[in-house]
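Data block below; observations after.
2 protein chains.
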Amino acid sequence: MPLGERPGDKSESRYCGVETEFDDDIPNLLTSNLSFGAFDFVVAPMMDPSYRPSLVHKNSSGSVALPFAGSDLVLSPSQWSRHVVGKISSWIDLDSEDEILRADSETTLKQEISWASHLSLQACLLPAPKGKSCGNYARCVNQILQNLNNMQLWLRIPLVKSEDDSMDVNSDNLIDSWEIWNSFRLLCEHHSHLSIALDILTSLPSANSLGRWFGESVRAAIINTDAFLTNARGYPCLSKRHQKLITGFFNHSVQIVISGKLVHRLPKGNTAVASNSDGNNVDGGQGHPLRPYLDYIAYLYQRMDPLPEQERFELGYRDFLQSPLQPLMDNLEAQTYETFEKDTVKYIQYQRAVCKALLDKVPEKEALTTTTVLMVVGAGRGPLVRASLQAAEETGRKLRVYAVEKNPNAVVTLHGLVKLEGWENIVTIISCDMRHWDAPEKADILVSELLGSFGDNELSPECLDGAQRFLKQDGISIPSSYTSFIQPVTASKLYNDVKSHKDVVHFETAYVVKLHNVARLAPTQPVFTFTHPNHSTERSNDRHKKLRFEMPNDTGSAMVHGFAGYFDATLYKDIHLGIEPSTATPNMFSWFAIFFPLRTPICLHPGSSLEVHFWRCSGPTKVWYEWGVTSPTASPIHNSNGRSYWVGL
Amino acid sequence: MPLGERPGDKSESRYCGVETEFDDDIPNLLTSNLSFGAFDFVVAPMMDPSYRPSLVHKNSSGSVALPFAGSDLVLSPSQWSRHVVGKISSWIDLDSEDEILRADSETTLKQEISWASHLSLQACLLPAPKGKSCGNYARCVNQILQNLNNMQLWLRIPLVKSEDDSMDVNSDNLIDSWEIWNSFRLLCEHHSHLSIALDILTSLPSANSLGRWFGESVRAAIINTDAFLTNARGYPCLSKRHQKLITGFFNHSVQIVISGKLVHRLPKGNTAVASNSDGNNVDGGQGHPLRPYLDYIAYLYQRMDPLPEQERFELGYRDFLQSPLQPLMDNLEAQTYETFEKDTVKYIQYQRAVCKALLDKVPEKEALTTTTVLMVVGAGRGPLVRASLQAAEETGRKLRVYAVEKNPNAVVTLHGLVKLEGWENIVTIISCDMRHWDAPEKADILVSELLGSFGDNELSPECLDGAQRFLKQDGISIPSSYTSFIQPVTASKLYNDVKSHKDVVHFETAYVVKLHNVARLAPTQPVFTFTHPNHSTERSNDRHKKLRFEMPNDTGSAMVHGFAGYFDATLYKDIHLGIEPSTATPNMFSWFAIFFPLRTPICLHPGSSLEVHFWRCSGPTKVWYEWGVTSPTASPIHNSNGRSYWVGL
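Quick note, the sequences are listed as chains A and B, same order.
With our numbering applied, the first sequence covers 22 to 670.
With our numbering applied, the second sequence covers 22 to 670.
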């Protein structure tokens, strides 16, 4: 049964499995491991571990059945697929120097996968590559992947590769097991059915090194009972760092699998006392010998806070690629306005900014005599008009408001709002593109919300440049400036989703996305800044920025699948608004991050730095970004001339 | 006029150019440089070098014409395109820290390229990147390349980048200028219109370092007059190493361009004495001041041996990708037989092998009494039958020959041949696939020519395994063994040709190709060996080989676009036959090399080695290769399950 009921959480990580020995009696194996609310699934060997194809050929003349555990009929199809993950024989070694072992391994691997497919299992666990070299193993798995339907292959990867684990006598230094995974998946071309089962032991690498895995397709974490400590009462527990890691797995849909034998002597009287030292058997029906470990994992699960409402709302958007809006070219729909208008945090920030600006513009003694001209450019259905009027009320300043909006459909709503609220004497509605409006007077304050996830990507600079004509020389723009930020990320899920389109266009497009299964490899750095009003004579909104990212030394190597982009805007003086992670405005939901993919992921090794260029370019009818990596190796320039992705003027 | 008439040579490298200063009077520039049989073309600046867009904007109010040299009307369209290569202003620096210089550079570059396109010039010379970083320069050139029709862009690259040349104050070690080229072309995605003009100065890097360039798209070599030495008579000449390099350029269609001033004081009485030290002017119509350098280059050209006939014949095949034959699945055409039968060298080797085998099989004293049974399997139109009968005659041994051929069309020719030559009593023709023939007796000698460029790639192993049934236990197979070889190569032309198909299939196909513009980066290594007859019980023709290539230390970095493949076959004892470069049989033309591409080229840095896997795999109806690089970075496994390229059984 599931580890617990966490409100809002419907992810796979509620289910916990157990790794078992070979057992020909599969129904009994399920009963002993799954009964009495114990585990949800077993990770069980499918083939007699003593089987070797090369021995069969010599000793038997007739055709004998392969020594699989049970037969397809001993369980129902749904039992097979819901409760059994096939464990591929762990003795196989496709990169062995021993030619017979190599051939036996390939034959067995193919037979077992074929059997697992026959049973419609959801996943098979592939043993970890034995040495540093995995070329032939990957070649064989890659062949299998080409013909696989829905089954996932979980490649077992030790989180820490201990030295004696390595069969490669030539290994002169410790192997970063991520490198093995990386080679394997590159050889298999990031195949979406190839994922990772991490082996968790006592020692853990650094937090940065662990962090890399959250951008990879980890499906399971196999925790050995050896990794558990003993608490004061004699029960198994995990170190703080292990606990944090497990919680991370829960939050990233990684299923936990308990492995190993009972190694804790429990206090007397506990129902789960093991009757033998053999681990994986039931002790006379009293309960599962590994129950204390399962209970502890369930405790960790149940201890987590429920998902905040915003997170729950955004669950369906996690790592889902969306095309950015084109609000200048297209008109937004009512539903879109509806959603964004609910972001109260954002409008409170705007209201605070307008308050400050009004207080700066109009001294207390002029409050009753001076009327400030405030123009909302891109008024939509009116939320900024409301925020501005509330600011006026709050500060006791008098306002004359112009609400300029190019979408005639939103203008309909605006008229209704003004009538409903009785703002007719204060608010003038202008149905016009701000770039072409012939204003009857100039504004003291220009308020706009034209920012995209990457700040300028919805063409706020071009719009506000166009509106600046009717801002007084000493007028204020809210926002007064905004800056975009990027950071390199591992994002294998996003990479695979982009790749699935099989064209260059999708690799040269920026996507709006709720980043979740992503590893952020270095702190963000600022890219482009725009300031308003801009009175310089030779202004251009084209930009070029070269950035150099250094990964923390203890991260190890990592794969850069692209760049996560954010923005931060200064609305007025100290009032800011943004999604740059280190300074993000809390509880604001109007913007997800933006993701710039790389056509070929770039592997960063420790000590090497990543040099990337971003350009903002423009033509008569469009604005676009180009990007490219120049170090450690040069990538193609992405989106040359805006051929794949652009924003229309 | 051309440098000379070299029989068989029609390449561009016959034409020699000269780099000039800016001259507004283009017709005069042409007259002074091209008259009297001097140079064939000029590399001339198109824009007044004092022009800066940022100054124009400030100083002029109206619209003035850009200060181009001349106008489009001063030359005829064909003069422009035949005699002028546009030289882009050398002051441009698109990666400067100075924002105004950067903007001026981009504007000027685009204006000049636009002008050159307007004139339909064949090529423009782009100045060398100023520093180590060339991201913005590449981005801008890449934008230009997207919209270019037929014009080539020659990026100037110094063969040796001297330290003071570098504008980058942070450069801590000498820059390998190949790295700059490599970054630039990766950023521009190996664009086929982007090529190289190498700047040749006094010092030359190592031969291995120079060799890399022959796999790149070098179009011109600009030789500065400073690079010339002075011979005993006071005339300019070049060092032996320079001479060898220039000859290499001639052989690879690289055009020579002379640059610089007259720096040699010629002996009195010479017509080409310079009347001033200013270099690029005519000395009163007497001749071109740089004439002595041109004459020396022409001397080097004329000194070359004419192309051997075989080379001349193969000229049209150079670097041209051909799909390998499928002689087992398809029947060859008469024309194909015709071509291959002309390869006398090959059949002489076969005849020598059969002679040796006959002498070994039949002692002198049994020569008249013993008849040897020789079967030609895959007899085609009979060349091996003839070679075998000639061997019998030469050794005085008696033969009974079976000619087995599956192609019914070739069998028609065979019958004609036997009748014509009167071989009816000696030769039996069998119209049958050797794998299915029910032979009336067993053979002493089995002769075949089933080898492809990669040895086993036309399925010789499978065919001979099938024929082995009717070879006596002590019988001889000619060939008795064969081995394939590979080596990593730079081959940008081949890479671009494969890439032009815009699919994965072509990148996972091996091609037969006459390799020419290719840099061989490391000595060949053996891949798969097959031996016949093969009496082992557990024989399989599947193979797996892991190879590790080390580049010579003085090569520098280089790009691996794929692998060149060859074979060597032992016909019998010491008689071999093959195309592996170090042991290739001279004057044999039946086989070009084979080329296995890489989907993403891999850059090899000094000291790093290249680990590559090749697999020979088989299924019920086909045989295929898979290949993949595992170090320095992992590539995808190419051609998984033979999805893109296979040979039918």
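Virtual Cβ for every residue (Gly too), placed ideally from N, Cα, C.
C-beta contact flag for residue i and residue j at 8 angstroms
i        : j        : result
A/MET572 : A/ALA543 : yes
B/GLY25  : B/TYR322 : yes
B/PHE570 : B/PRO482 : no
B/SER578 : B/PRO500 : no
B/ILE221 : B/ASN203 : no
A/ALA431 : A/ARG402 : yes
A/CYS37  : A/ILE279 : yes
Contacts of residue i in chain A (Cβ-Cβ under 7 angstroms)
i        : result
B/THR621 : THR621
B/SER204 : THR651 and ALA655
Beta-carbon neighbours of residue i, restricted to chain A and to distances below 8 angstroms
i        : result
B/TRP636 : ASN157 and ARG160
B/CYS624 : THR654
Own chain residues within Cβ distance below 6 angstroms of residue i, not counting five before or after
i        : result
A/LEU568 : GLN546 and VAL633
A/ILE600 : TYR587 and TRP612
A/GLU33  : SER274 and GLN276
Alpha-carbon to alpha-carbon, residue j and residue i
i        : j        : result
B/SER75  : A/ASN562 : 17 angstroms
B/GLY300 : B/PRO98  : Here B/GLY300 scores only 43 on pLDDT, less than 50, and its place in the model is too uncertain to base an answer on.
A/VAL190 : A/ASP114 : Its pLDDT being 43, under 50, A/VAL190 is placed unreliably by the model, and the measurement read from it follows with that caveat. Going by the C-alpha atoms only, they are around 15 angstroms apart.
B/GLU647 : A/LYS514 : 27 angstroms
A/GLN489 : A/LEU467 : 8 angstroms
B/TRP667 : B/VAL644 : 6 angstroms
A/VAL294 : A/ASN49  : Any reading at A/VAL294 must be qualified, since the residue scores a pLDDT of 40, below 50, and its modelled position is unreliable; the value itself is stated next. Near 21 angstroms, if we compare the C-alpha coordinates of A/ASN49 and A/VAL294.
B/LEU219 : B/VAL239 : 7 angstroms
A/ASP186 : B/ARG333 : The pLDDT assigned to A/ASP186 is 47, lower than 50, so where the model puts this residue is not dependable, and the model offers no usable value.
A/SER498 : A/HIS553 : 6 angstroms
A/LYS427 : A/ASP61  : 57 angstroms
B/ALA242 : A/LEU225 : 57 angstroms
A/VAL383 : A/LEU328 : 45 angstroms
B/GLU373 : B/HIS597 : According to the sequence as given, residue 373 of chain B is Arg; it is not Glu. Taking the straight line joining both Cα atoms gives about 10 angstroms.
A/LEU438 : A/VAL397 : 15 angstroms
B/THR390 : B/THR504 : 37 angstroms
For residue i, the nearest candidate out of the options (CA to CA)
i        : options                                   : result
A/GLY269 : A/PRO288, A/ALA228 and A/ILE279           : A/ALA228
B/PRO618 : B/VAL398, B/GLY583 and B/ARG324           : B/GLY583
B/ALA424 : B/THR251, B/ASP69, B/VAL433 and B/CYS624  : B/VAL433
B/GLU200 : A/GLU133, A/GLN347 and A/THR651           : A/THR651
B/ARG418 : B/SER603, B/ALA590, B/ASP459 and B/ASP465 : B/ASP465
B/PHE412 : B/THR393, B/THR41, B/SER630 and B/ASP116  : In the sequence on display, residue 412 of chain B carries Ala and not Phe. B/ALA412 has its Cα closest to that of B/THR393, out of B/THR393, B/THR41, B/SER630 and B/ASP116.
B/ARG324 : B/LEU146, B/LEU180, B/PHE271 and B/HIS436 : B/PHE271
A/LEU536 : A/PHE341, A/LYS265 and A/PHE43            : A/PHE341
B/GLY399 : B/HIS139, B/GLU415, B/LEU55 and B/TYR358  : B/TYR358
beta-carbon residue i near the ligand HEM non-hydrogen atom, thresh 7 angstroms
i       : result
A/ASP69 : This structure lacks the ligand HEM; in fact it carries no ligand of any kind.
Same chain, Cβ closer than 7 angstroms to residue i, neighbours up to 5 away in sequence not counted
i        : result
A/PRO429 : SER452
B/GLY236 : VAL510, THR511, ALA512, SER513, ASN538, VAL539 and ALA540
B/SER110 : PRO66, MET68, PRO70, THR129 and GLU133
B/PHE57  : GLY308
Chain-ordered neighbours of residue i on chain A, where CB pairs are closer than 9 angstroms
i        : result
B/LYS567 : ASP116, SER154, GLY156 and ASN157
B/GLU647 : ARG160, ASN163 and GLN164
B/ARG664 : GLN167
8 angstroms CB neighbourhood of residue i in its chain, flanking five on each side removed
i        : result
B/ILE447 : LEU410, LEU420, ARG421 and VAL422
A/LEU166 : LEU174, CYS209, HIS212, HIS214 and LEU215
Contacts of residue i in chain B (Cβ-Cβ under 8 angstroms)
i        : result
A/SER13  : Residue numbering for chain A in the displayed model covers 22 to 670; residue 13 of chain A lies beyond these limits and cannot be assessed.
A/ARG564 : Correct list: empty, because the minimum Cβ distance to chain B is about 11 angstroms.
Partner residues on chain B for residue i, Cβ-Cβ distance less than 9 angstroms
i        : result
A/CYS145 : Near A/CYS145 there are no residues of chain B at all, since even the closest Cβ is about 18 angstroms away, more than 9 angstroms.
A/SER661 : ARG160, ASN163, GLN164, LEU166, GLN167, CYS209 and GLU210
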